[in-house]
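First the structure, in the form of C-alpha cells, and then the observations on it.
Chains as they are written, first to last, in this note's numbering: chain A, 1 to 235; chain B, 1001 to 1445; chain C, 2001 to 2295.
Given below as C-alpha cells:
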C-alpha cells in the first residue's frame, strides 16, 4: 500500500472547514493518520489552522486567509495560491505554497520553514520572530517590516521599504531591491552568512541549484535601538 | 513711605508652571515626555453621577440579609465555554515586562481568591500568571510578542487588542531599562534596547479582515473560548458595531483614564475620550444590533471603587476592568516609600515614570532587587481585599436602589451633577428632566 | 467592511458573458459583505441616447410612468430598478419630468453605457434580482458591503456615481473625507450620505470635470485623500484600480489576453476562464492602473 492509499481525504465540497480542523486537532501524537488530502478548498479561510501534529496535509487548490495559521510540527503543502497571512505565527514544521502568497505571508512566524514557489506579496515576513522563509519568486513592499529574528531568503526581487524598522532577522535577496526601509542597510556576506544561506536553501530543496554568492545580505543598522532625537524622522 | 501697592505674581493658566517646565525639558532633551498611567487631567467621570436611592416610590433591599447577586457570564454569543466570574470586576491587560513577575503573580492570586480573571499583556503569557490565575484572558496584540498557540489553547478567553484608552491608535512601548534578559527572551528582542511596537496588526486591517482573524482564532481553539475585542474609547458607537460584526463575543472599551506602562504624555492627555462618554454609545450600538446582553460590554479606565462599578453597570456595562487601581492595591505610590519617591524626583501619589523601571514598590520594574520587595502572596491578599470592598460597595448601592442583582441597575437610577456628565452619560441633570444632547444620531462624526 | 470586484473585457466574446462572470465574482465575496451589494455594467450604448438607472419603491409601475412620455425611447424594469433610455437632447427634460411626476424615484446612475444597480441583500440575491448574469458589457465593477451602521439601508451601498458614466467602489476607510466633502460642496456637489466613498466618487468626478484624464485624476487623489483605500473605478471607456501608499487592504488582479480582473480576494477570480494561465499580481501601492477601451 502506498502513502497515497493511506491518506485521509476531506472533501470541502461536502465537509466544513470546522470539521476538517477539528479532525486535525483531534490527532494524537501517535496517530497513524499521518497523511491528509483536502479537496475543493476554493479559497476558504483558516484551512489547517492550529495544527499540532507531525502529519502531512496536502491542499488541492487555492486557500484563503491564514492557511496553516500557527502551525506546529505539520507539513502543509498547498497546490495553489494562498491568501493573506499564510503560516502566520507558525511555530515549527513546513508550509509549502506551490503558487503565490498574498500579503503578510509568514507574519510573526517563530519557527519552522515557509517555502513559497511563486511570489509573495507585500509584508512578507512582517514581524518575523525566528522562522525561515524562502521565496523563489519576488516579495512585495514592506517585506520583513519589524522583523525580529529568523531569515528571509528571496530568489527574485524585493519591493520598496525592505526591512523597514528591522531588528535582528537576516535578509538575503538575489534580485533587485526597490528600496530599503528605515534602519535597514546592506551588509557584507561573510562565510557564516553563506553557510546559513546555503543551509536554508538546502532545507528548501534548492541545494546546488542556486549560487549563494549571487545574494546580497540586508539587516539592521541598529540606529533605532535607543531613541535619539536625530533619528526622529525614522519613527 | 509712599510705596506702589504690589500685585502678587500671577501665573498664566495657559502657560502654567507645569507647561513651562515641560517646554524647558523638551528644549533640553529633544525627546517627548514618556510616562505611565492614564490621563491625569480633570475629566467628567463617575464622580459627576449620583444614585437615586430608594424612598417612597422605590423600595430598598436589606443589607447583608437580602441577596444582591454579583456573578456575570462573559462570552455567551459563540463560545462553548463562556467565562464565569463571581464578581463583575476583572483585572485588565498589563504585560509581564511592564510589571514584575511578582506583580503578575500577585494579580493572579488576588483575582483567583475573588473569583475573577486577569489578562495577559504585550509580552505573552508567563507561567506565573497561568499558574496563579484561575481565569486568564490572553491578549492578541499588534506586536504578537510571545504569541504561542499553546498559550491560546491554555487560555480561558482571547482578547484581540485593537487599542487601549491611554493611546487609541498607538502601539506598545517598553524602554531598554525594562527589557531584561527574561523579557527580551519572551519578546524575541535584544536585551536592553528600546522596544518599538507596531500600532496595527500585522496580518489584518479593518473590520472585514478582523472578522476573518477572529474566525481563525476560533478555529485554532475549536470554538471553545470567548473572543473579546478591546478598543480605546474613540468612536465607541461605530467601533462597537464593527466589533460585533467582526464576531466579537465581548467588547471591551477603555477610556482615556485607562493606564499604560509607558507612552508619550501628549498622547495620553489628548487622544481618546473619557470613559463616561464611551459607555452609552457602545450600549446603543449593541441595542440597535439586537445583541445587548448577548455580546457583553466591559468598561475600563479610571474605575476606583464600588460606586464606579455600580455606575458603569447602571449605564449598561456587564462588567468593568481595573488596571491602575489594582496596582495601587498592590502598593503602587504608597506614602511609606516617600523617601525613595523623593530621590526619584517625585512624590507618593504622583509617581508615573513607570517606564524607567525603578519602582520602589517592585511593581513596574524588572530590577530583581526592587521586584523582590513585592510579596506576591501578601499582594494577592491585598488585591482580594480591595476587590471584596468594591463588590460590597456596589452591592450596598444596588440594594439601596432596590436591586437583587447588580445587573438590575439601570441608567434611570442615576442623575448627573453637571451638564457635561449628563450629556455624556445620557442621564438627567439632578433635579431636572433634562438630558442635554439627546439627538439620536451617531456620536463623533 | 466589504469586498470589491471589477472586470474589463478585451474581446467581444467575454463582453457577452461579462455579467455572468461578475455575478460569480460578487457571490464569492458574500461573507465579506452580507448586508448589501451593488454593481455597474457598461452595456452597449444606444446611438444618440443616454440611460438613466432609476430606483423606486417595491412594486413601482415603471411602465405606467413611461407610457406618458412617448419621446422616451424605452424603459426596462428590473425589480425596484429600471433603466430608462432617452434621447440625449432630452436628458434635462427627462430629469425635470421625473422630478415632477415621480419624486419617489431616485436616479442612481446616468450615462451612455453605464447601468447601475444596488440594494440590500446578499450579493448573489441582489445580482439575480437585477439579472446581472444576463448582462453584457465592456466592463463592470461590483461591491458587497458589511454595513458599519446598525440599520442596513440602501444608503451606503456602492457603487457611487457622481458623474455621467462614472462610478466607484471602495474597500477601506478614508480619514479626511469630511473636509474634502466641504470643499466639493463649495464647488456645487451635493451629497446624499455621510459616506466616505461618496466623497471619493465626487472628488474624482470633480477632477475629471476639470479635464484631467482618469490616470491624472487618480494620481491627484493620492495626494489629496488620506486613509486606507482600494478603489476600482469605471468611466465610459475606462477601468482603473488604485491602492493607497500603505496598501493594507487586500487586492488581487489577474490579466489574460481576454480580460483584466480585480478582486479583494483571489477566490473572486478562481472561476474566470483561463485563470490558471493568467498573470496574477497584487497591485503596487500608490500606483494608478488604467485600462481603456479606446486603446
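By construction, the Cβ of each residue, glycine as well, lies at the ideal position given by its N, Cα and C atoms. Every value quoted in this text rests on a predicted model; they were computed, and no experiment measured them.
Original post:
Quick one: what does DSSP say residue 2154 (chain C) is sitting in, helix, strand or coil?
Top reply: Indexing the third chain from 1 puts residue 2154 (chain C) at position 154. Residue 2154 (chain C): coil per DSSP, three-state reduction.
**OP:** Drop a sphere of 10 angstroms on the beta-carbon of residue 228 (chain A), count the other beta-carbons inside from all chains shown, and report buried for 16 or more, exposed for fewer.
**Re:** Within the first chain, the letter at position 228 stands for residue 228 (chain A). Looking at its Cβ environment, which holds fewer than 16 other Cβ atoms inside 10 Å, residue 228 (chain A) is exposed.
Subject >> Interface flag, residue 122 (chain A) vs chain F, CB-CB below 8 Å >> reply: Absent from the structure is chain F; the protein chains it does hold are A, B and C.
**OP:** Run the CB neighbour count on residue 2249 (chain C), radius 10 Å, all protein chains shown included, and call it buried at 16 or more, exposed below.
**Re:** Locating residue 2249 (chain C) in the third chain gives position 249, counting from the first residue. By the 10 Å Cβ count, residue 2249 (chain C) comes out buried.
Original post:
In chain order, what residues of the same chain lie with their CB nearer than 7 Å to the CB of residue 2150 (chain C), ignoring the 5 residues before and after it?
Top reply: The residue given as residue 2150 (chain C) occupies position 150 in the third chain. Interpretation of residue 2150 (chain C) is limited by its pLDDT of 49, a score under 50 that renders its predicted location unreliable; no figure is taken from the coordinates.
**OP:** Could you name the residues that DSSP lists as bridge partners for residue 75 (chain A)?
**Re:** On the first chain, position 75 is the one that residue 75 (chain A) refers to. According to DSSP, residue 75 (chain A) bridges with A:56 and A:94.
Original post:
Hey, residue 169 (chain A) and residue 204 (chain A): beta-carbon distance below 8 Å or not?
Top reply: Locating residue 169 (chain A) in the first chain gives position 169, counting from the first residue. Locating residue 204 (chain A) in the first chain gives position 204, counting from the first residue. Result no, Cβ atoms of residue 169 (chain A) and residue 204 (chain A) do not sit closer than 8 Å.
Original post:
Should residue 1073 (chain B) be labelled buried (16 or more other beta-carbon atoms within 10 Å of its own) or exposed?
Top reply: Mapped onto the second chain, residue 1073 (chain B) falls at position 73. So residue 1073 (chain B) counts as exposed.
**OP:** Output the distance between the C-alpha atoms of residue 1105 (chain B) and residue 1175 (chain B), rounded to the nearest integer angstrom.
**Re:** On the second chain, position 105 is the one that residue 1105 (chain B) refers to. On the second chain, position 175 is the one that residue 1175 (chain B) refers to. Cα-Cα distance, rounded: 22 Å.
Original post:
Which first and last residues belong to the beta strand (DSSP E) in which residue 1138 (chain B) is found?
Top reply: Walking along the second chain from the start, residue 1138 (chain B) turns up at place 138. 1135-1140 is the extent of the beta strand (DSSP E) around residue 1138 (chain B).
Original post:
Quick one: is residue 1154 (chain B) buried, meaning 16 or more other Cβ sit within 10 Å of its Cβ, or exposed?
Top reply: Within the second chain, the letter at position 154 stands for residue 1154 (chain B). Residue 1154 (chain B) should be labelled exposed.
Original post:
Counting Cβ pairs, one atom from each stretch, are 3 or more of them under 8 Å apart for the stretch 114-128 of chain A and the stretch 90-104 of chain A?
Top reply: yes
Original post:
Beta carbon of residue 2007 (chain C), beta carbon of residue 2123 (chain C): below 8 Å?
Top reply: Taking the first residue of the third chain as 1, we reach residue 2007 (chain C) at position 7. Taking the first residue of the third chain as 1, we reach residue 2123 (chain C) at position 123. Not a contact, by the Cβ cut-off of 8 Å.
Subject >> Identified DSSP bridge partners for residue 1254 (chain B) >> reply: Here the question's residue 1254 (chain B) lines up with position 254 in the second chain. Its beta-bridge partners are B:1232 and B:1300.
**OP:** Could you check what DSSP says for residue 2065 (chain C) in three-state terms: helix, strand or coil?
**Re:** Sequence index remark: in the third chain, residue 2065 (chain C) carries index 65 (1-based). Helix.
Subject >> Residues of its chain near residue 11 (chain A), where Cβ-Cβ distance is below 7 Å and the 5 sequence neighbours each way are ignored >> reply: Start at 1 with the first residue of the first chain, and residue 11 (chain A) comes out as number 11. Counting only Cβ-Cβ distances below 7 Å, and skipping sequence neighbours, we find 39 and 40.
Subject >> In DSSP terms, what residue 2057 (chain C) is bridged to >> reply: On the third chain, position 57 is the one that residue 2057 (chain C) refers to. For residue 2057 (chain C), which the question treats as bridged, DSSP gives no partner whatsoever.
Original post:
Applying a beta-carbon distance threshold of less than 9 Å, which residues of chain B neighbour residue 84 (chain A)?
Top reply: Taking the first residue of the first chain as position 1, residue 84 (chain A) is located at position 84. The contacting residues are 1203, 1204, 1209 and 1212.
**OP:** Report back the beta-carbon spacing between residue 1411 (chain B) and residue 1344 (chain B) to the nearest angstrom; my notes put them in contact at under 8 Å.
**Re:** For the purposes of this step, residue 1411 (chain B) is taken as residue 411 along the second chain, with counting starting at 1. For the purposes of this step, residue 1344 (chain B) is taken as residue 344 along the second chain, with counting starting at 1. 43 Å between Cβ atoms; not a contact.
**OP:** Decide if residue 1053 (chain B) is buried, meaning its Cβ has at least 16 other Cβ atoms within 10 Å, or exposed.
**Re:** Residue numbering aside, residue 1053 (chain B) sits at position 53 when the second chain is read from its first letter. It is exposed - the Cβ of residue 1053 (chain B) has fewer than 16 other Cβ atoms within 10 Å.
Original post:
Taking 8 Å as the CB-CB cut-off, is residue 2280 (chain C) touching chain A?
Top reply: By one-based count along the third chain, residue 2280 (chain C) stands at place 280. Yes, contact with chain A.
Subject >> Residue range of the alpha helix (DSSP H) that includes residue 200 (chain A) >> reply: Your numbering for residue 200 (chain A) matches position 200 in the first chain. Element bounds for residue 200 (chain A): 191-203.
Original post:
Given a threshold of 16 other Cβ atoms within 10 Å of its Cβ, counted over all protein chains shown, does residue 2104 (chain C) qualify as buried or as exposed?
Top reply: In the third chain, counting from the first residue as 1, residue 2104 (chain C) sits at position 104. Exposed, since its Cβ has fewer than 16 Cβ neighbours within 10 Å.
Original post:
Can you name the start and end residues of the beta strand (DSSP E) that residue 2114 (chain C) belongs to?
Top reply: One-based indexing of the third chain puts residue 2114 (chain C) at position 114. It spans 2114-2120 - the beta strand (DSSP E) in which residue 2114 (chain C) sits, taken as one unbroken run.
Original post:
Would you call the CB atoms of residue 2009 (chain C) and residue 2015 (chain C) closer than 8 Å?
Top reply: Position 9 of the third chain, counted from the start, is the residue given in the question as residue 2009 (chain C). Position 15 of the third chain, counted from the start, is the residue given in the question as residue 2015 (chain C). Yes, the pair counts as a contact, with Cβ atoms nearer than the cut-off.
**OP:** Output the boundary residues of the alpha helix (DSSP H) element that contains residue 1419 (chain B).
**Re:** Position 419 of the second chain, counting from 1, holds the residue named residue 1419 (chain B). 1419-1425 is the extent of the alpha helix (DSSP H) around residue 1419 (chain B).
Subject >> Three-state class that DSSP yields for residue 1281 (chain B) in the structure shown >> reply: The residue you call residue 1281 (chain B) lines up with position 281 of the second chain. Helix at residue 1281 (chain B).
Original post:
If we cut at 8 Å on Cβ distances, does residue 2161 (chain C) have a partner in chain B?
Top reply: The count along the third chain starts at 1 and reaches residue 2161 (chain C) at position 161. No, because no Cβ of chain B sits closer than 8 Å to the Cβ of residue 2161 (chain C).
Original post:
Under the rule that 16 or more other beta-carbon atoms within 10 Å means buried, what is residue 2178 (chain C), buried or exposed?
Top reply: Here residue 2178 (chain C) refers to the residue found at position 178 when the third chain is read from its first residue. Exposed, by the Cβ-count rule.
Original post:
Is the Cβ of residue 43 (chain A) closer than 8 Å to any Cβ of chain C?
Top reply: Residue mapping note: residue 43 (chain A) aligns to position 43 of the first chain, counting from 1. Yes, contact with chain C.
Original post:
Under 8 Å, do residue 1202 (chain B) and residue 1245 (chain B) count as touching if we go by C-beta distance?
Top reply: Within the second chain, residue 1202 (chain B) is the residue found at index 202, counting from 1. Within the second chain, residue 1245 (chain B) is the residue found at index 245, counting from 1. Contact flag unset, no.
Original post:
According to a CB-to-CB cut-off of less than 8 Å, which residues of the stretch 1187-1203 of chain B neighbour chain C?
Top reply: 1200
Subject >> Under 9 Å from the C-beta of residue 2032 (chain C): neighbouring residues of chain B >> reply: In the third chain, the residue the question calls residue 2032 (chain C) occupies position 32. Chain B residues near residue 2032 (chain C): 1208, 1209, 1211 and 1212.
Subject >> Sequence ranges, alpha helix (DSSP H) only - wholly within the stretch 1347-1406 of chain B, length at least 4 >> reply: 1368-1371 and 1376-1400
Original post:
Roughly how many whole angstroms lie between the Cα atoms of residue 2211 (chain C) and residue 1168 (chain B)?
Top reply: Along the third chain, one-based indexing puts residue 2211 (chain C) at 211. Along the second chain, one-based indexing puts residue 1168 (chain B) at 168. Spanning the two alpha carbons is a distance of roughly 41 Å.
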